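Structure first, commentary second.
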Amino acid sequence: MKSYRKELWFETATRRAYINISTQIATILQESGIKEGLCLVNAMHITASVFINDDESGLHKDFEIWLEKLAPEKPHNQYNHNGYEDNGDAHLKRSVMGREVVVAVTDGKLDLGPWEQIFYGEFDGKRKKRVLVKIIGE
Amino acid sequence: MKSYRKELWFETATRRAYINISTQIATILQESGIKEGLCLVNAMHITASVFINDDESGLHKDFEIWLEKLAPEKPHNQYNHNGYEDNGDAHLKRSVMGREVVVAVTDGKLDLGPWEQIFYGEFDGKRKKRVLVKIIGE
Amino acid sequence: MKSYRKELWFETATRRAYINISTQIATILQESGIKEGLCLVNAMHITASVFINDDESGLHKDFEIWLEKLAPEKPHNQYNHNGYEDNGDAHLKRSVMGREVVVAVTDGKLDLGPWEQIFYGEFDGKRKKRVLVKIIGE
Numbered sequence: 001m002k003s004y005r006k007e008l009w010f011e012t013a014t015r016r017a018y019i020n021i022s023t024q025i026a027t028i029l030q031e032s033g034i035k036e037g038l039c040l041v042n043a044m045h046i047t048a049s050v051f052i053n054d055d056e057s058g059l060h061k062d063f064e065i066w067l068e069k070l071a072p073e074k075p076h077n078q079y080n081h082n083g084y085e086d087n088g089d090a091h092l093k094r095s096v097m098g099r100e101v102v103v104a105v106t107d108g109k110l111d112l113g114p115w116e117q118i119f120y121g122e123f124d125g126k127r128k129k130r131v132l133v134k135i136i137g138e
Numbered sequence: 001m002k003s004y005r006k007e008l009w010f011e012t013a014t015r016r017a018y019i020n021i022s023t024q025i026a027t028i029l030q031e032s033g034i035k036e037g038l039c040l041v042n043a044m045h046i047t048a049s050v051f052i053n054d055d056e057s058g059l060h061k062d063f064e065i066w067l068e069k070l071a072p073e074k075p076h077n078q079y080n081h082n083g084y085e086d087n088g089d090a091h092l093k094r095s096v097m098g099r100e101v102v103v104a105v106t107d108g109k110l111d112l113g114p115w116e117q118i119f120y121g122e123f124d125g126k127r128k129k130r131v132l133v134k135i136i137g138e
Numbered sequence: 001m002k003s004y005r006k007e008l009w010f011e012t013a014t015r016r017a018y019i020n021i022s023t024q025i026a027t028i029l030q031e032s033g034i035k036e037g038l039c040l041v042n043a044m045h046i047t048a049s050v051f052i053n054d055d056e057s058g059l060h061k062d063f064e065i066w067l068e069k070l071a072p073e074k075p076h077n078q079y080n081h082n083g084y085e086d087n088g089d090a091h092l093k094r095s096v097m098g099r100e101v102v103v104a105v106t107d108g109k110l111d112l113g114p115w116e117q118i119f120y121g122e123f124d125g126k127r128k129k130r131v132l133v134k135i136i137g138e
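Here you go:
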């Protein structure tokens, strides 16, 4: 069994952002030389997400509106978590969107459906954060 | 390390549906000959879900009502995504229910709890869609 | 390829609870002797969750309030599932929080970000329930 590990770093200019990382993950998979296996991609921070969905800007606006409805950022003092912090909403938003994805590796490629794209979802940005890629297989 | 890959195809008669695929996944695991490992089951489409919950029709009605409350289908024009499409709600519903499950394989069997059943959740049906099963192990 | 399996048992005093199980998972990983691979941790019951977030009591209060808003426990008869049961809400809450996490294993350790802690989330407690830990790798 082979394994391969790599980190991606992000520092978004805005508090919230959706970044398509599919190409970067595909490159890391190529570096790994692994042909058959599983590829885990996870946010290493608890106010960010890795998820799979469509690369369509209208949908990303819908995510923004919808997540703000489910777990509004403001007023900051509505959250018990926000004593010294202001990111209570980000912990909840990330819970909806998920921490991680596991993608099959087949024939040396990410085995994704026709519209599946891998995203980094940032909910408390303007600081350095990491995504972990861990691939195991042969 | 062994690996095994198979696709399941669906075309539901209704826009939304929950289909118990546990038996099909168990059969694929048997075909694979893998005794110890991990089994990834994921929707290959971004308006569908694979999740684990109870096979109880009352609960499935509750899912329908609850997801319609969290992300209503209509009016279609409430979603930015719905320029040429009408499935903005389906992308959000699938985000709540999740894209994938990873199930342990132990002694050649799906290592599930007493009530755990694997479901395909369709949120934009009446078209052909796929689920990917990828098993790795020994 | 090696694999290792272990169950954790819980019986919470309250209907809902969040229990940090990171240390227990780290101990199980050590027992396994696996240095590189993937560690699956999943609730074996469909009204419970395993998720990763911050070990901060204010945040856990926020989860309680937020999940009660998204899927209130009472009145019990609002859920079709609650014919003989009263835990319809718990199935929905667990859907938001997720069934499982997959954690990378690197150098014999759980490869977690600085604030990542693994939690057992109970939404219908006061009974015995299990979490499954399955580690594969080398």
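Chains as they are written, first to last, in our numbering: chain A, 1 to 138; chain B, 1 to 138; chain C, 1 to 138.
Note that CB positions come from ideal geometry on N, CA and C, so glycine has one too.
All values derive from a computational prediction rather than experimental measurement.
Can you name the residues of chain A whose CB is closer than 8 Å to the CB of L38 (chain B)?
L38
Just checking: is the beta-carbon of I19 (chain B) within a distance shorter than 8 Å of some beta-carbon in chain C?
no
Closer than 7 Å by beta-carbon distance: list the chain B residues that pair up with E56 (chain A), in chain order.
H81
Would you kindly report the start and end of the unbroken alpha helix (DSSP H) that includes E64 (chain A)?
57–70
Using a Cβ cut-off of 9 Å, which residues of the region 4–17 of chain C contact any Cβ in chain A, in chain order?
none
My assumption, with CB atoms under 8 Å, is that E36 (chain C) sits in contact with V105 (chain C). Please give the rounded CB distance.
6 Å
Under 8 Å between beta-carbons, which chain A residues line up against G98 (chain B)? List them in chain order, please.
G98
Within the chosen definition, does the region 78–86 of chain A reach the region 52–69 of chain C through at least 3 CB pairs nearer than 8 Å?
yes
Expected contact under 8 Å - CB spacing of I118 (chain B) and I25 (chain B) to nearest Å
5 Å
Quick one: does T47 (chain A) have its CB under 8 Å from some CB of chain B?
no
Could you check where the beta strand (DSSP E) with A104 (chain A) kicks off and where it finishes?
100–106
Mind listing the chain C neighbours of A71 (chain A)? Cutoff is C-beta to C-beta under 7 Å, in chain order.
W66
Name, please, each residue of chain B whose Cβ falls closer than 7 Å to the Cβ of V102 (chain C).
V102
Please classify I118 (chain B): does DSSP put it in a helix, a strand, or coil?
strand
Straight-line CA distance for I52 (chain A) to E138 (chain B)?
28 Å
Taking the continuous alpha helix (DSSP H) assigned at E7 (chain C), which residues delimit it?
Premise fails: E7 (chain C) lies in the beta strand (DSSP E), 2–10, not in any alpha helix (DSSP H).
Classify K126 (chain C): buried if its beta carbon has 16 or more other beta carbons within 10 angstroms, exposed otherwise.
exposed
Determine which residues of the region 118–132 of chain C have a Cβ less than 7 Å from any Cβ of chain B, and write them out in chain order.
R130, L132
Mark A48 (chain B) as exposed unless 16 or more other C-beta atoms lie within 10 angstroms of its C-beta, in which case mark it buried.
buried
Against chain B, with Cβ distances strictly below 8 Å, would I136 (chain C) count as a contact?
yes
Against chain C, does H91 (chain A) count as a neighbour if the rule is that its beta carbon must be under 8 Å from one of theirs?
yes
Closer than 8 Å by beta-carbon distance: list the chain B residues that pair up with I52 (chain A), in chain order.
I46, R99
Which residues in chain C sit within 8 Å of G113 (chain B), going by Cβ to Cβ distance?
A43, M44, H45, I46, R130, L132
Close-in-space but distant-in-sequence residues of the same chain around L38 (chain C) (CB under 8 Å, 5 per side omitted):
V102, V103, A104, V105, I135, I136, G137
Using a Cβ-Cβ cut-off of 8 Å, state whether V95 (chain B) counts as contacting chain A.
Here residue 95 (chain B) is Ser; the residue named in the question, Val, does not match the sequence. Yes, its Cβ sits closer than 8 Å to a Cβ of chain A.
Going by other Cβ atoms of all chains shown within 10 Å of its Cβ, with 16 needed for buried, is T27 (chain C) buried or exposed?
exposed
Excluding the 5 residues flanking N87 (chain C) on each side, which residues of the same chain have their C-beta closer than 7 Å to its C-beta?
T47, D124
Just the Cα atoms here: how many angstroms apart are S95 (chain B) and G108 (chain B)?
31 Å
Within 10 angstroms of its Cβ, does A43 (chain A) collect 16 or more other Cβ (buried), or is it exposed?
buried
Would you please state the rounded distance, in angstroms, between the beta carbons of I21 (chain B) and L8 (chain B)? I believe it to be under 8 Å.
6 Å
Does any C-beta atom of chain C lie closer than 8 Å to the C-beta of L59 (chain B)?
yes
Distance check for R5 (chain C) and E73 (chain C), CA to CA, integer angstroms please.
34 Å
Chain C contact for T23 (chain B) (CB, 8 Å cutoff)
no
By the three-class DSSP mapping on this structure, what secondary structure does I135 (chain C) have?
strand
Taking 8 Å as the CB-CB cut-off, is G88 (chain A) touching chain C?
yes
What residues in its chain sit with their C-beta under 7 Å from that of L112 (chain B), if we drop five residues either side in the sequence?
V103
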